[in-house]
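Please read the structure below before turning to the comments.
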Amino acid sequence: MSKILENLNDKQIEAVTHFEGPLLVIAGAGSGKTRALTHRIAYLIQERGVSPWNILAVTFTNKAAQEMKGRLVKLLSRKVKVPFGGTFEDLLSVNDFSGHDRNLPTVGTFHSICVRILRKHLHLLDYENSFAIYDETDQQIVVKRIMEDMMIDSKRINPKAVLSHISNAKNQLIGAKEYKNYAHDFFSEKVAEIFPAYQDMLRKNNALDFDDIIMLTVELFQKFPEILNNYQEKFKFISVDEYQDTNKAQYTLIKLLASRYKNICVIGDEDQSIYSWRGATIQNILDFEKDYPNTRVVVLEQNYRSTQNILDAAHCVISKNMQRKEKKLWTEKDGGNKIEYMLAENERHEGELIAQKIETLLRDSEYPNYNNFVVLYRTNAQSRILEEVFMRYAIPYKIVGGIKFYSRKEIKDILAYLRLIQNPDDSVSLFRIINVPSRKFGEKSLETVQNFARIHDISMFKAMISADQIPELQKGKNETIEKFVKLIKGLQELNKTHSASAMIKYVLEKTGYKQMLNDNTIENESRLENISELISVATKYDKLDPSTSLSIFLEEISLITDLDQVDNKDNAVTFMTVHSAKGLEFPYVFIAGLEEGIFPHNRSLLDRNELEEERRLMYVAMTRAMDGLFLLHASERMLYGEFKSNPPSQFLADINEDLLENNIGFGRRRHTQIENIGETPVPIEAEEGLEIELGVGDRVYHNIFGNGIVVAVQGGVVTVAFEDSKVGVKKLAMSIAPLKKI
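The numbers in the numbering used here rise by one with no breaks, and the one at position 245 of the sequence shown is 243.
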């Protein structure tokens, strides 16, 4: 047997030794897909005599590309020295399609490969080949300048939101001229005005944005068949990793390149497709066999990561999805411990259960390894209470894919306003928020006020109160300062009679901060959620006298932030969203917040496709675990400024009971059985006395609560997620509920 095939299982060998024609490798979580992909490329070169020059391997991240290149160099026994200070990325990037090193295949991300192509041929599309690539900051400057020229108010139309829509259009291969055909409301019509001017400005500056790179490569191939022909001849064997995450532009690019020889191998797992919000479409992998009728399909089901109990529980969840190819992961590992289900009283108790469990598991460790643990959650806002609990338990932690709650910009901004209200002499806080939101108070004017304050030995705020005595200030700036002073003084008056949580709400509204973030972008929606979570923290101080509520709140927050140094320790428990955990693994995984409306997210409860993506997200979370998996649900939770008593996540009910071990708060609560949420329709009596049937996914109407969708049916109770967010999720007695099936 070839050395390349050593230590591979039968299915991996089947994938690796496939030679010509399309190949679809469905690679379950932890099944060694990167190993299969790299070994296949090495096999083509060493055993089938394919020239490395004719091989293209596409990945999604630079890290994945670099790892693949490193493995290939070892497999191909290339004794190549990396230049001093360089990396494998530097070493293999010399293969720029010009024949400098025909011993190495072309490996890179979609964007890095397309950039190489455009550097040679972009002049054919009326650019110079020496184009610049604009980052987000550059893009925003261009859009803002265009909006100013068009006299479009950036307070009404957010430049970031404009760029988000332009990016989505380009990922769907919709250009500036075509976009106007898709405009359907005021905002998209404004984008349709800005988009062509934006592209013109980029062209004048000989610049591309990130999304142009793939879109223009597709355009190049479509307009110049002879160039496409050259690359089809060059890349006779193509491999694409994480194919389930491709968008339309990436899909089209690969289809064009592979259309002649059809020696294309794609590898991925539709059960781990969790990026539809970035434009990825699961249909690309599901429809691969339709695109390439003679496809050979290999399913990698042997898992090298998790215990069988973890795999079985994850399968219970993902098997409920309709958009998938059936597979069931197995492992040679022992069954392992049961999945532990923990019912907490509230979100703080949830954090305590996690902390206590970690302490229990590390009790006998002389050198405790906190890196073995990860806490996963659906939204970043959930991390706040976990941070506070872990600080109190003195357990080190680090946040991946985000920054600490109290270090986030929006939280620091709001706290700066509150500190200035509490102490107007706090010039540090004043400098932070004087132009947030923008008040067009420039650096020169700030320096003028600061000099006045320094000369008269007073604080910046007191200098602002005396702004009319500063002759160097222009009249317009005096008016700006006067408005700001009036704003802060008004908030100070409100602080005398209102609690800390009320003051946060006032700051949000009266400063214009909420309006600034209310632009329908995902990023700012997340920031508003984080501020709502800060309001949740502040409600703890609502019962105090209003004259002391804010000061005590700020004092305690300061103590918490002073303890934030544990984040710098390498040996720490990891906190992260499930999206950030893709591709990672940990011995012990805790999944927090498993309640309807949180995980699955409230937005998904009324849409079958979105609910399936939430289920895939849950599957990804569960399959990160190697040895221990802990699922947590709180009876009551303060989130986004409101108390919620949501039913357990339907994903919990998907798991067979023989795989679960119930641990209800270490004896602090009596056990509440998880409901079996099944697909079997249950006959119930309608309002008119007619017998109807309801099942999960059915749409219903309630004469008080309005339209909704059934998310659970159990015994005599139906759980319905109503479209009205104020109503939310409700459990209704089926014998008397005035429900009508829509």
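We put the beta carbon where it would ideally sit given N, CA and C, even for glycine.
DSSP places F129 outside any alpha helix (DSSP H), giving it a letter other than H or E. Straight-line measurement puts the Cα of R697 at about 42 Å from the Cα of K396. Selection D568, Y617 and S647 evaluated against H599 yields S647 as nearest (Cα-Cα).
Proximity to L592 across S602, F649 and L637 peaks at F649, based on C-alpha coordinates. In this structure K508 touches L489 by the C-beta definition: roughly 7 Å separates them, less than 8 Å.
DSSP lists no beta-bridge partner residue for A181. Cβ neighbours of F233 within its own chain (closer than 6 Å, five residues either side excluded): L54 and L255. Around the beta carbon of A536, 16 or more other beta carbons lie within 10 angstroms, which makes this residue buried. In this structure, V297 places its C-beta atom within 7 Å of the C-beta atom of I24. Pairing N301 with G333 gives a Cβ-Cβ distance that is not under 7 Å. Distances from the CA of L22 to each of N292, I265 and Q137 were compared; the closest alpha carbon is that of I265.
Contact between I463 and V483 holds: CB atoms are separated by about 6 Å, below the 8 Å threshold. Cβ contact annotation for S547 (same chain, cutoff 6 Å, sequence separation greater than five): S497, A498 and Y539, in chain order. Considering only T621, L74 and R430, the residue with the shortest C-alpha distance to D269 is T621. Under the three-pair Cβ rule at 8 Å, the stretch 461 to 480 does not count as touching the stretch 368 to 384.
Under a 10 Å Cβ-count criterion, Y180 is classified as exposed, with fewer than 16 other Cβ atoms of the shown protein chains found around its own Cβ.
In the structure shown, A579 falls within a helical segment according to DSSP collapsed to helix, strand and coil. In this structure, the beta-carbon distance from N569 to Y391 does not fall below 7 Å. In this structure, the CA atom of D411 is about 9 Å from the CA atom of Y511.
Taking every protein chain shown into account, the CB of Y365 has fewer than 16 other CB atoms within 10 angstroms, so this residue is exposed. For G173, the closest alpha carbon among the candidates P194, V71 and F185 is that of P194. Apart from sequence neighbours up to five positions away, the residues of its chain that approach L206 with a beta-carbon distance below 6 Å are F129 and I131, ordered along the chain. In this structure, the straight-line span from the alpha carbon of L418 to that of I352 is close to 36 Å. In the structure shown, K168 falls within a helical segment according to DSSP collapsed to helix, strand and coil. The beta carbon of Y249 is closer than 7 Å to those of N282 in its chain, skipping five residues each way along the sequence. Just so you know, the alpha carbons of H16 and V238 end up roughly 15 Å apart. Taken atom to atom, the span from the alpha-carbon of I393 to that of R382 is near 15 Å. Beta-bridge partners assigned by DSSP to I393: none are found. Only exposed fits R117, as fewer than 16 other CB atoms lie within 10 angstroms of its CB. Bridge pairing for G266: I24 [DSSP]. Between K336 and L629 a beta carbon distance of about 11 Å is seen, past the 8 Å cut, so the two are scored as non-contacting.
Per DSSP, the unbroken alpha helix (DSSP H) holding P223 starts and ends at P223 to K232. DSSP places A590 in no alpha helix (DSSP H); its state is neither H nor E. E583 is a Cβ neighbour of R303, given a cutoff of 7 Å.
R69 counts as buried, since no fewer than 16 other beta carbons sit within 10 angstroms of its beta carbon. In this structure, DSSP gives P157 a helical state, which the three-state scheme calls helix.
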